[in-house]
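Right, one structure below, let's go through it.
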């Protein structure tokens with residue numbers, strides 16, 4: 242399978258991963274519940290675009306030039322009450 246781009250959508254309780262060929266044709270689709278931590282491995286990525294959704298709590302990540310893709314891990318996670326996202330510090 243020759244991939245051209247992979248689009249990862251996150252909305253509320255669901256992560257959707259769509260795979261497209263160089264002609265823009267959908268060649269594969271995977272969906273994971275939002276209650277799972279997913280570790281994805283991509284090789285040969287040429288470009289990454291990240292777009293937050295303003296109309297819903299979500300995110301879209303577009304990866305161009307993907308040569309290979311693997312789901313390394315999909316595990317259940319527990320929500321920690323009272324913990325919210327904060328600033329991320331850059332590490333050198």
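Numbering (the working numbering), first residue to last: 242 to 333.
Note that beta-carbon positions come from the ideal geometry of N, C-alpha and C, so glycine has one too.
From a predicted model like this one, the values you see are computed outputs, not experimental measurements.
Give a single yes or no on whether residue 283 has its beta carbon closer than 6 Å to a heavy atom of the ligand NAP.
The ligand NAP is not among the ligands present in this structure, which contains no ligands whatsoever.
Does the contact criterion of 3 or more C-beta pairs under 8 Å hold for the stretch 286 to 305 versus the stretch 245 to 263?
yes
Does residue 246 come out as helix, strand or coil in the three-state DSSP assignment?
strand
Do you know offhand how far residue 259's Cα is from residue 295's?
21 Å
Buried versus exposed call for residue 263 [16 or more other C-beta atoms within 10 Å across all chains shown]
exposed
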